[in-house]
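Protein chains in written order, with our numbering: chain A, 1 to 110; chain B, 1001 to 1422.
Below is one structure, written out as structure tokens; the observations come after it.
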Amino acid sequence: MDPSQLLKGVLDLAVLAVLRDADGYGYDVLRRLRAAGLEDVADASVYGTLRRLFAAGALTSYVQPSEEGPHRKYYGLNQTGLDLLAESTKTWNHFAGTMAGLLTKKEEAA
Amino acid sequence: MNSTLTGTIATYLAQVKAELADLPPGELEDVLDDVASHLTEVAAEFEQEPTEAQLRERLGTPRQYADELRTAAGYPTSPRPPAQDRDAAERSLRWAIIAGTVGPFFMLIGLFSGSSEPAGFFLLIGAGVLFGAALLGVRALGDRSPRIVLDTPRGAQGAEFVRGLIAQIPPNVRSELVSIGQPVWWVARGMLGGGGFFALFGAGAVAVVGAIAGAGVSVWIGRRSQQDRRWLWYVVPLNVVAILAVPAALAAGFVGTSNGLFSFSNYDSRSGIPPYTTGLALDGEPIQNLYPFDEQGRQVSVRLYTENGKPLNQPLNDCNATYGQGGPTVSNLFPQAVIESHDPGVAEPDPATETSRPEQCRDTTRAPFVPPPVPATPTHPTAGTTPAPSTTPTPVPSVTPSATPSSKPTTPGVTLTVTPTR
């Protein structure tokens, strides 16, 4: 199974989870996702996800100067984002539990 | 923010921008800001500026990147019907192939044809085909990136083949070739193109200026094609021509063959100033002048022609030509007049006179050597010419009364034979 296909459905949740720990700019979010083990995440889709979550009102955004280069656009969770994260987490846990149960039953039956 | 980007990063950004051109203006600017900072970060992952291939390996093609961004951001999918894209790409590719084969073909005929007139004709046809087809290719492509040509089956095949060839070169040699070879190549192709073009019109000095200008233009085009890949449409076919022509020109230069464009020796002197390497030669040594003597050893003046009736013209070095006082600069009348020198042996009315001033310049057609004795020929019974010393004992007494100076003791035989023919 292609992990990148699975990733598409849960990228929102992954990005929200990363931002719950600390605010971050695009490349930083990307790096943290990779460090967490999501190595197959596509660069552009992280940037796209951030833009969509921001447009949906789930993220705050502010610009900070950086020592190395141009200014960086930081994103952080606002209340809407926190709510969305909580809700998505519930959905995911339910889904993951269902899948786990399904797979376990099948294994037992086999 | 994105205005600070340069090189491959800027190119990649421009291509992503082209893919997202349908987004509303404000949104487009914002998202491109994000892409620009992302590309800056990605570039920092590499030790030096990443090549286009490295960027594509890292991020996918600009189209893939834009599509990922589109999907994740929830933008509407690209409004362009992909079929139309493919058609444009196919058309473009077709013109590119026509440009890349027919154009250089005519140009090669031109380069290797014998003389300058057909060479110029074929070169112009070739250049015309090349630019015509390139123009149509660019128009077929419209605003799309030329890279979409690689999405077509034939385009992909060709790219695969080229990639295979490049993969044969070791990576370190490859980067050396790009960093050192590219500027050298730009200058070489420009000098050959500019120089060759102007050499068609004759003058060597113009060709040199043309070569320098060509090098400048070539470097500019090279930089330009790095920024805007659509220039590749022009650059690739021209490079094909140059790849064939540069070694040919070098070879012709070393071997010294007299083929078409690369040699001035068949240069037609009607059209202007003679170039450096024109003229006569004997066993490789240049000949400045010819001194014809007739059978009796008298110096004569003749006009010389080749077997084709072409005048055997030679640049003049007389007073008129040297001081630019008008009159012909070439002539086939030999001996040519040359400026009289100040050899001690040559009588000079005023020894202090310098020939540095035009009005004091004098021409001479006198041979700068003593003509060798005329060989005896069986058809002419001129016994008195060569065996003169043996016959002198008898005629001398009869001639001496006419006050012949002692300085001419061996010449009476000659004078005797000459007088009757006058």
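Here a beta-carbon is modelled for each residue, glycine too, at the ideal position from N, C-alpha and C.
Spanning the alpha carbons of residue 54(A) and residue 1101(B) requires a straight line of approximately 52 Å. Under the Cβ criterion (8 Å, minimum of three pairs), the stretch 1331 to 1342 of chain B counts as touching the stretch 1359 to 1371 of chain B. Residue-level contact check: residue 1070(B) touches chain A, since one or more beta carbons of chain A fall below 9 Å from its beta carbon. Residue 1196(B) and residue 62(A) have their C-alpha atoms roughly 59 Å apart.
The beta carbons of residue 1187(B) and residue 1205(B) sit no closer together than 9 Å.
With a threshold of 9 Å between beta carbons, residue 49(A) makes contact with chain B. For residue 1281(B), the enclosing beta strand (DSSP E) has its first and last residue at 1280 to 1282. Per the coordinates, the alpha-carbon of residue 104(A) lies some 38 Å from the alpha-carbon of residue 59(A). Approximately 15 Å separates the beta-carbon atoms of residue 50(A) and residue 7(A); this is outside 8 Å, ruling out the contact. In summary, residue 1110(B) is buried, with 16 or more beta-carbon neighbours lying within 10 Å of its beta-carbon over all protein chains present.
A straight line joining the alpha-carbon of residue 1017(B) with that of residue 56(A) spans about 23 Å. Under DSSP, residue 1364(B) shares a beta bridge with 1338(B). Relative to the Cα of residue 1096(B), the nearest Cα in the group 1133(B), 1291(B) and 1124(B) belongs to 1133(B).
By alpha-carbon distance to residue 1280(B), the top candidate from 1331(B), 1224(B) and 1368(B) is 1331(B).
Fewer than three beta-carbon pairs drawn from the stretch 1067 to 1079 of chain B and the stretch 1122 to 1142 of chain B are found closer than 8 Å, and the two stretches are therefore not classed as touching. Residue pairing of residue 60(A) in beta bridges, as defined by DSSP: 76(A).
Uninterrupted alpha helix (DSSP H) stretches at least 4 residues long and entirely within the stretch 1303 to 1338 of chain B occur at 1319 to 1322, given in chain order. Residue 1223(B) counts as exposed, since fewer than 16 other beta carbons sit within 10 angstroms of its beta carbon. Counting along the chain, no beta strand (DSSP E) covers residue 1169(B), and no H or E run does either.
Chain-ordered listing is empty here: chain B has no CB closer than 9 Å to the CB of residue 40(A), the nearest sitting near 12 Å. Nearest in C-alpha terms to residue 1218(B), of all of 1368(B), 1293(B), 1128(B) and 1184(B), is 1184(B).
Cβ neighbours of residue 1063(B) within its own chain (closer than 6 Å, five residues either side excluded): 1019. Segment contact: the stretch 64 to 78 of chain A against the stretch 10 to 20 of chain A, three or more CB-CB distances shorter than 8 Å; contact assigned. Between residue 1228(B) and residue 1036(B), the CB-CB gap reaches or exceeds 9 Å. Only residues of its own chain outside the window of five on either side were considered, and among them 29, 46, 49, 50 and 53 have a CB closer than 7 Å to the CB of residue 15(A), listed in chain order.
A Cβ-Cβ separation of about 5 Å places residue 1149(B) in contact with residue 1093(B) under the 8 Å criterion.
Think of a sphere of 8 Å around the beta carbon of residue 11(A): the chain B residues whose beta carbon falls inside it are 1072, in chain order. Cα atoms of residue 1315(B) and residue 1199(B): separation of roughly 19 Å, rounded to the nearest angstrom.
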